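This report refers to the structure that appears directly beneath it.
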Amino acid sequence: MSSEFKNLQSHWETNKKSMEVSTPNFDSLYKKIKSKEKETYFFYYGTITILLVTLIVISLFFYYVAPVKDILSRIGAGLMILGLAFRIIIEIISIRKAKQIDLLDTTLKTAENSINFHRFRKNIHQVIAPIVIVLYTIGFYMITPEFSLYMPFWNIVLIDISYVVIGIVLFIVIRKGVLKEMQILTDIVKLKNEITE
Amino acid sequence: MKHSKNESFEEIYRQHHPMVLQMGLGFVKGDKDTANDLSQEIFISVWNNLDKFRGASSYKTWIYRITVNTCLQYVKKDKKVRTLSPLELEHQTAIIDTEKTSHDDISELYKAIGQLKKIDRLIIMMVLENQDYDSISEVIGINPINVRVKIHRIKKRLETILKNNKNE
Numbered sequence: 287m288s289s290e291f292k293n294l295q296s297h298w299e300t301n302k303k304s305m306e307v308s309t310p311n312f313d314s315l316y317k318k319i320k321s322k323e324k325e326t327y328f329f330y331y332g333t334i335t336i337l338l339v340t341l342i343v344i345s346l347f348f349y350y351v352a353p354v355k356d357i358l359s360r361i362g363a364g365l366m367i368l369g370l371a372f373r374i375i376i377e378i379i380s381i382r383k384a385k386q387i388d389l390l391d392t393t394l395k396t397a398e399n400s401i402n403f404h405r406f407r408k409n410i411h412q413v414i415a416p417i418v419i420v421l422y423t424i425g426f427y428m429i430t431p432e433f434s435l436y437m438p439f440w441n442i443v444l445i446d447i448s449y450v451v452i453g454i455v456l457f458i459v460i461r462k463g464v465l466k467e468m469q470i471l472t473d474i475v476k477l478k479n480e481i482t483e
Numbered sequence: 017m018k019h020s021k022n023e024s025f026e027e028i029y030r031q032h033h034p035m036v037l038q039m040g041l042g043f044v045k046g047d048k049d050t051a052n053d054l055s056q057e058i059f060i061s062v063w064n065n066l067d068k069f070r071g072a073s074s075y076k077t078w079i080y081r082i083t084v085n086t087c088l089q090y091v092k093k094d095k096k097v098r099t100l101s102p103l104e105l106e107h108q109t110a111i112i113d114t115e116k117t118s119h120d121d122i123s124e125l126y127k128a129i130g131q132l133k134k135i136d137r138l139i140i141m142m143v144l145e146n147q148d149y150d151s152i153s154e155v156i157g158i159n160p161i162n163v164r165v166k167i168h169r170i171k172k173r174l175e176t177i178l179k180n181n182k183n184e
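If you read the protein sequences in the order shown, they are chains U and E.
Take 287 as the starting number for the first sequence in the numbering used here and just add one per residue.
Take 17 as the starting number for the second sequence in the numbering used here and just add one per residue.
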C-alpha cells in the first residue's frame, strides 16, 4: 500500500506542476471579487433594507395619510408596525450569526457555526415568520372596520381578498425556506458526524 | 496599502493556484469548469481574509483551511455539481495535462477520490499534498491521533475503490 500510495503522490505532484499558469488573469479575478462583494452586501442587507423601507412607508402612511382614530385601529396599526420591527431585529441577529461562520476556523468549528446559523434560520422560517405574519394579519383586520367607513365596500372586499392571496404566496415561500434550511442542516450535521466519527 | 495587498494576493495566487485547482478537481470528480469556479471562490475568500492573516499559522495551513471550508460550503450552495462521464473526464484531463503526465492515472485517481465521502476527499488530498498529521489536524480541528486513524481508513477505502475501478 505504501509504495502504491507513493506512486499516487507522484502522479498527483506531476499533474499539479502541469497546472502552473505563467500569466494569470488578475483583472478578471479582481472584477469577480468586486461583483462578489456587492452580492455579499445584498445578501446581508437586502432583506433588512426591504423590511425597513416597508416599516417606514407603513409608519408614514398611518401618521400622515390615514391617521386612524379608533382605539382598535390604533392597536391594529401598532401590531403591524411592531411585527415588522420585530422581524428586522431578528434579521440583524441572523446577520451576526452568519458572520460567525469564519472560513479561517477549523472545519469542525465552521460546521458547528453553520449548524447554529441554519438552526436559527429554520426557527425564523418555522416560528418567527408565522408569528410576525399572524401579528400583521390581526393588525390588518383590526384597522379594516375604521377604513370601511371611508372606503367603498367593494374596495375593502378587494383589499381583503388580495391579502388572502398574499398570505397563500407567503405560506408557499416560507414552506420552501423551511425545507431548504432543513436539507442544509441535515447535510451539515452529516458532515460534522463524518468529521468526528 | 491596496497596492501591497494586491502584491501579496498575487504572490499567494501564483504559489498556491495549482494546489487549489488540483484539490478542486479532486473534490468535484474532475469537472474542470466546476473546479475553476471553485478555485475562483477560494481565491475570493483568500482576498477577503488577507487582512486577517496574523501569522499564527503558516500561509499554507491558512490556505488549506480556506480551501477545505470553501469546498464544503460550495457544495452546500450548489447542489448541481455533476459527475463527468468517463469520456468527458478523459477529454478534460487531457486538456489539463502536459505530454509528460499520464492522464489515465490522474483521471482514475480523481474518479476514485470522488467516490469517497466529501471530508475524506479533502483529507486524502492533503495527504497527497504531503501534509503531515499535525497540519491536517490544524485544518480539520480533530486531534492528530484521530487524523492518523482516519487517514489509515481512507487509504484502505481508496485502495479498494481503485482496485474495483480497474476490474470494471
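Quick reminder that beta carbons are idealized off the backbone N, C-alpha and C, glycines included.
Note that the structure is a prediction, hence the values are computed from the model and not measured.
Requested in this report: Mind listing the chain U neighbours of Gly157(E)? Cutoff is C-beta to C-beta under 7 Å, in chain order.
Outcome: Simply Thr392, Thr393, Leu394 and Lys395.
Query - Chain-order list of residues whose beta-carbon lies under 7 Å from that of Asn159(E) (same chain, five-residue window excluded) - result: These residues qualify, in order along the chain: Ser153.
Report task. Please work out which residues of its chain come closer than 8 Å, Cβ to Cβ, to Val464(U), disregarding the five sequence neighbours upstream and downstream, and give them in chain order. Result -> Non-local beta-carbon contacts of Val464(U) in its own chain, meaning distances under 8 Å to residues more than five positions away in sequence, involve Lys408, His411 and Gln412 in chain order.
Report task. Report the neighbours of Lys133(E) on chain U: residues whose CB is nearer than 8 Å to its CB, in chain order. Result -> What Lys133(E) touches in chain U: Glu480.
Query raised in the report: Under 8 Å Cβ-Cβ, which residues of chain U neighbour Asp148(E)?
Result: What Asp148(E) touches in chain U: nothing, since even the nearest Cβ is about 13 Å away.
Query - For Asp113(E), three-class secondary structure by DSSP - result: Unreliable positioning characterises Asp113(E) in this predicted model, as indicated by a pLDDT of 45, which lies under 50. The coordinate reading is nonetheless provided below. Looking at Asp113(E) - three-state DSSP - the assignment turns out to be coil, as it is neither helix nor strand.
Report task. Quick one: give me the first and last residue of the alpha helix (DSSP H) that Phe59(E) is part of. Result -> Per DSSP, Phe59(E) belongs to the alpha helix (DSSP H) from Lys48 to Asn65.
Query raised in the report: From what residue to what residue does the alpha helix (DSSP H) around Ile410(U) run?
Result: Where Ile410(U) is concerned, there is no enclosing alpha helix (DSSP H), given that its DSSP letter is neither H nor E.
**Report entry** Sequence-distant residues of its chain with Cβ nearer than 8 Å to Ser55(E) (five each side left out)
**Finding:** Within the same chain, Ser55(E) has close Cβ partners His33, Val36, Leu37 and Gly40.
Query raised in the report: Does the beta-carbon of Gly130(E) have 16 or more other beta-carbons within 10 angstroms, so that it is buried, or is it exposed?
Result: Per the 10 Å Cβ criterion, buried.
Query raised in the report: For Ile58(E) versus Thr77(E), is the C-beta spacing smaller than 8 Å?
Result: The Cβ atoms of Ile58(E) and Thr77(E) do not sit closer than 8 Å to each other.
Query raised in the report: Hey, quick one: how far does the alpha helix (DSSP H) through Ser448(U) stretch, first residue to last?
Result: According to the DSSP assignment, Ser448(U) belongs to the alpha helix (DSSP H) that extends over Phe439 to Thr482.
**Report entry** From Lys179(E), His168(E) and Ser123(E), residue whose alpha carbon lies closest to that of Ser288(U)
**Finding:** Nearest to Ser288(U) by C-alpha distance, out of Lys179(E), His168(E) and Ser123(E), is His168(E).
Report task. Taking a Cβ distance cut-off of 8 Å, strictly less, list which residues of the region 24 to 50 of chain E are near chain U, in chain order. Result -> Correct list: Glu26, Tyr29, Arg30, His33, Pro34, Met35, Leu37 and Gln38.
Requested in this report: Compute the Euclidean distance between the alpha carbons of Leu66(E) and Thr300(U), then round it to the nearest angstrom.
Outcome: CA-CA distance, Leu66(E) to Thr300(U), rounds to 29 Å.
Report task. Within the same chain, show all residues whose beta-carbon is closer than 6 Å to that of Asp150(E), passing over the 5 residues directly before and after it, in chain order. Result -> The answer, listed in chain order, is Pro160.
**Report entry** Terminal residues of the alpha helix (DSSP H) in which Gln295(U) lies
**Finding:** Boundaries of the alpha helix (DSSP H) harbouring Gln295(U): Ser288 to Lys303, taken from the DSSP string.
Requested in this report: Just tell me which of Cys87(E), Asn180(E) and Tyr80(E) has its CA closest to the CA of Met142(E).
Outcome: In terms of Cα proximity to Met142(E), the closest of Cys87(E), Asn180(E) and Tyr80(E) is Tyr80(E).
Report task. Answer with yes or no whether the minimum CB distance from Phe312(U) to chain E is below 8 Å. Result -> Between Phe312(U) and chain E, the shortest Cβ-Cβ separation is below 8 Å.
Query raised in the report: At a Cβ cut of 7 Å, what residues of the region 53 to 69 of chain E count as close to chain U, listed as they run along the chain?
Result: Shown in chain order are the members of the region 53 to 69 of chain E whose Cβ falls below 7 Å from a Cβ of chain U: Gln56, Phe59, Ile60, Ser61, Trp63, Asn65 and Lys68.
**Report entry** Helix, strand or coil at Gly332(U) [DSSP, three-state]
**Finding:** Looking at Gly332(U) - three-state DSSP - the assignment turns out to be helix.
Query raised in the report: Can you tell me where the alpha helix (DSSP H) with Asn180(E) in it begins and where it stops?
Result: For Asn180(E), the uninterrupted alpha helix (DSSP H) run begins and ends at Pro160 to Asn183, by DSSP.
Requested in this report: Indicate whether the contact test is met: 3 or more Cβ pairs, each with one atom in the region 411 to 428 of chain U and one in the region 359 to 376 of chain U, closer than 8 Å.
Outcome: Yes, the region 411 to 428 of chain U is in contact with the region 359 to 376 of chain U.
Query raised in the report: How would you list, in chain order, the residues of chain E whose beta-carbon sits under 8 Å from the beta-carbon of Leu389(U)?
Result: Under the 8 Å cutoff, chain E gives Ser61, Asn65, Arg81, Ile82, Asn85, Thr86 and Gln89.
Query raised in the report: Would you call Ile474(U) buried or exposed, if buried means 16 or more other Cβ atoms sit within 10 Å of its Cβ?
Result: By the 16-neighbour rule on beta-carbons within 10 angstroms, Ile474(U) is buried.
Requested in this report: Quick one: list the residues of chain U neighbouring Ile122(E), beta-carbon separation under 7 Å, in chain order.
Outcome: Within chain U, the C-beta atoms nearer than 7 Å to that of Ile122(E) come from His297 and Asn301, in chain order.
Query - As assigned by DSSP and simplified to three states, the class of Val343(U) - result: Val343(U): helix per DSSP, three-state reduction.
Query raised in the report: Would you report the Cα separation of Val155(E) and Ser123(E), rounded to the nearest angstrom?
Result: Distance between the alpha carbons of Val155(E) and Ser123(E): 26 Å.
**Report entry** Same chain, Cβ closer than 7 Å to Ile442(U), five either side skipped, listed in chain order
**Finding:** Within the same chain, Ile442(U) has close Cβ partners Thr430, Phe433 and Ser434.
Report task. For Glu306(U), decide whether its Cβ has a neighbour in chain E, counting only Cβ atoms nearer than 8 Å. Result -> By this cut-off, Glu306(U) is an interface position.
Query raised in the report: Thinking just about the alpha-carbon of each residue, which of Val62(E), Asn183(E) and Asn181(E) is nearest to the one in Gln31(E)?
Result: Looking at the Cα atoms, Val62(E) is the closest of the given residues.
Query raised in the report: Excluding five sequence neighbours on each side, which residues of the same chain lie with their C-beta closer than 7 Å to the C-beta of Ser345(U)?
Result: Once the five neighbours on either side are set aside, the close Cβ partners of Ser345(U) are Ile367.
Query raised in the report: Using a beta-carbon distance below 8 Å, is Phe291(U) in contact with chain E?
Result: Answer yes: the Cβ-Cβ gap between Phe291(U) and chain E drops below 8 Å somewhere.
Query raised in the report: Grouping DSSP H, G and I as helix and E and B as strand, with all else coil, what is Ser380(U)?
Result: Shown here, Ser380(U) sits in a helix according to DSSP, grouped into three states.
Query raised in the report: Applying a beta-carbon distance threshold of less than 8 Å, which residues of chain E neighbour Leu471(U)?
Result: Here the premise fails: no neighbours, minimum Cβ distance about 10 Å.
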